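Visitor: Please read through the structure below; I'll follow up with questions.
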Amino acid sequence: MAQRVALITGGGKRIGAATVSLLMDNGWFVFIHVRNSIAEAEEVLNVFEQQNSSKAPAEILQADLNSDEELEALIQTVRSHHIVQKNGGLHALIHNASIYSSQDYESVSLENLRLNNRLHIEVPFRLTQGLLSPLREGQGCVIGMIDTSLGRAWKGLSQYTSSKAGLRQLMMNLAGDLAPEIRVNCVAPGAILAADWESEHFASVVEKVPLGRVGEPIDVAKAIHFLLESTYLSGQIINVDGGWSVSP
């Protein structure tokens, strides 16, 4: 029986790692793209193998997505991989790699803006384009990780939110362009717990969330998995934010 195959960028930590674990638990083979988080990705696989007493159905692929050469090499590796060829193509492509930093608008450099646009717009554009053949073969689903902040003014995040807005529009366009063979959707995380959050920041965030708690990476992973399994959904955005997006 053919195994479903996914590629996730930025798959070594937080939301990426939680998604990898959930997909493996549900029988997927996962290509885990990382830039520097090799040890973290290996730990995800080690945990799976300890819990299941079997080899993790995954492979770690390292690439710096800021490099055109490494991006193209990643595309070619996935396209020609025997796992993709023997399982009827690529069934999921998850654009999760991201850059996030708060900075006053006056001090944002063009280099910083370009880094955000590169990772959030250019890379998803080219990666999807380069993998169209295996995605069509697998009747795959593309998911763009955007942000629940879209449509609001967020101080210090102009370079981040504008590039994520570009990713949102790219995904919506592709939902039309690539139908009916390929579905395209977005997941918009809200306040997802980070290990380096200070207690004051934690408290200020929780005050804004109707459900009264911040999210965990697994909350987002479950939304991703839902979209992969829901074969009549395309062009949709799921806000995983505890109701933050509709709060006053």
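Per the numbering used here, the sequence shown starts with residue 862, numbered consecutively.
Here a beta-carbon is modelled for each residue, glycine too, at the ideal position from N, C-alpha and C.
Note that the coordinates shown come from a computational prediction; the quantities given were computed from them, not determined experimentally.
1. Does the separation of the CB atoms of Asp1102 and Val1067 fall below 9 Å?
2. To the nearest angstrom, report how far apart Ile869 and Ile955 are at their CA atoms.
3. Between which two residues does the beta strand (DSSP E) containing Leu922 stretch?
4. Taking C-beta to C-beta, are Thr1009 and Gly1051 nearer than 9 Å?
5. Tell me, please, whether the region 969–978 touches the region 933–946 by the rule of three or more beta-carbon pairs shorter than 8 Å.
6. Terminal residues of the continuous alpha helix (DSSP H) containing His952?
7. Look up Pro1050 in the DSSP assignment and give the residues it is bridged to.
8. Tell me which residue opens and which closes the beta strand (DSSP E) that Ala867 is part of.
9. Suppose contacts are defined by Cβ-Cβ distances below 9 Å. Is Ile1004 in contact with Val939 by that definition?
10. Alpha carbon to alpha carbon, how far is Ser968 from Val866? Give it in angstroms, no decimals.
11. Take Arg1029 as the anchor and find which of Ile1099, Ala1040, Trp1015, Ile960 has the nearest alpha-carbon.
12. Are the beta-carbon atoms belonging to Leu922 and Ile893 less than 9 Å from one another?
13. Suppose you measure from the CA of Ser963 to the CA of Leu1018; what does that come to, to the nearest Å?
14. Roughly how many angstroms separate the alpha carbons of Gly1037 and Gln1097, rounded to a whole number?
15. Going by the DSSP bridge assignment, what does Ile1004 pair with across the sheet?
16. If you follow the alpha helix (DSSP H) that Val908 is in, where does it begin and where does it stop?
17. Compute the Euclidean distance between the alpha carbons of Cys1047 and Ile936, then round it to the nearest angstrom.
18. Sort out for me which residues DSSP pairs Ile893 with in a bridge.
19. Just to confirm my understanding: we take Ala917, look at its own chain, exclude 5 residues before and 5 after, and list those with CB closer than 7 Å. What are they?
20. Alpha carbon to alpha carbon, how far is Tyr966 from Ala1014?
21. For Gly1076, which residues does DSSP report across the bridge?
22. Verify whether the separation of the beta carbon atoms of Ala958 and Arg875 is less than 9 Å.
23. Can you list, in chain order, the stretches of the beta strand (DSSP E) that have 3 or more residues and sit fully within the region 972–1022?
Guide: Taking the geometry as given:
1. no
2. 5 Å
3. 919–923
4. yes
5. no
6. Where His952 is concerned, there is no enclosing alpha helix (DSSP H), given that its DSSP letter is neither H nor E.
7. Val1101
8. 866–869
9. no
10. 42 Å
11. Ile1099
12. yes
13. 5 Å
14. 11 Å
15. Ile955, Asn1046
16. 899–913
17. 21 Å
18. Ile869, Ile921
19. Met885, Leu906, Phe909, Glu910
20. 12 Å
21. Ile1053
22. no
23. 1002–1006
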